[in-house]
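Here is the structure we will look at, set down as structure tokens.
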């Protein structure tokens, strides 16, 4: 229902990481507020509608490759983590957790919603 209404209104939806970067809690750091603000400004101005994107595999998310004033490692978390193997493990772990939690709702959603989940 929400997707239908968004399509009717030609609305965009953005997921902004305002949490940790460079590692999980305890090893990473909070995303600096100035970068979060700059990302939100790029959304409001329409700048992100014209941006170039790369794919974030497991969750099939599109990540902008450049926002002026925001380091690339803030935009793409895989770049920020020094330990790439740890990053891959954590992303796959999170994907598996999401898949397990969402299993309760599989009967109630369409095939395209099921297909949009994590790809492990």
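In my numbering, the protein residues as written are 1 to 120.
Here a beta-carbon is modelled for each residue, glycine too, at the ideal position from N, C-alpha and C.
Quantities reported herein were computed from a predicted structural model and do not represent experimental measurements.
Pairwise C-alpha distance: residue j and residue i
{"i": "residue 74", "j": "residue 57", "result": "17 Å"}
{"i": "residue 47", "j": "residue 36", "result": "15 Å"}
{"i": "residue 53", "j": "residue 105", "result": "30 Å"}
{"i": "residue 108", "j": "residue 102", "result": "10 Å"}
{"i": "residue 31", "j": "residue 91", "result": "18 Å"}
{"i": "residue 79", "j": "residue 28", "result": "13 Å"}
{"i": "residue 41", "j": "residue 14", "result": "12 Å"}
{"i": "residue 16", "j": "residue 33", "result": "12 Å"}
{"i": "residue 120", "j": "residue 43", "result": "30 Å"}
{"i": "residue 82", "j": "residue 117", "result": "27 Å"}
{"i": "residue 7", "j": "residue 1", "result": "10 Å"}
{"i": "residue 12", "j": "residue 45", "result": "13 Å"}
{"i": "residue 87", "j": "residue 64", "result": "19 Å"}
{"i": "residue 5", "j": "residue 110", "result": "16 Å"}
{"i": "residue 50", "j": "residue 23", "result": "29 Å"}
Per-residue DSSP class, three states only, for residue i
{"i": "residue 32", "result": "coil"}
{"i": "residue 53", "result": "strand"}
{"i": "residue 62", "result": "strand"}
{"i": "residue 18", "result": "coil"}
{"i": "residue 109", "result": "coil"}
{"i": "residue 3", "result": "helix"}
{"i": "residue 9", "result": "helix"}
{"i": "residue 116", "result": "coil"}
Anticipated Cβ contact below 8 Å, residue i with residue j, distance rounded
{"i": "residue 77", "j": "residue 21", "result": "6 Å"}
Below-8 Å beta-carbon distance, residue i vs any chain C residue
{"i": "residue 38", "result": "The structure shown contains no chain C; it holds only a single protein chain."}
Query raised in the report: Between the stretch 64 to 72 and the stretch 91 to 100, are three or more C-beta pairs nearer than 8 Å?
Result: Counting Cβ pairs under 8 Å, fewer than three are found: no touch.
**Report entry** Whole runs of the alpha helix (DSSP H) within the stretch 67 to 110, excluding any shorter than 4 residues
**Finding:** Taken in chain order, the unbroken stretches of alpha helix (DSSP H) that lie wholly in the stretch 67 to 110 and span 4 residues or more are 72 to 75, 77 to 80 and 84 to 102.
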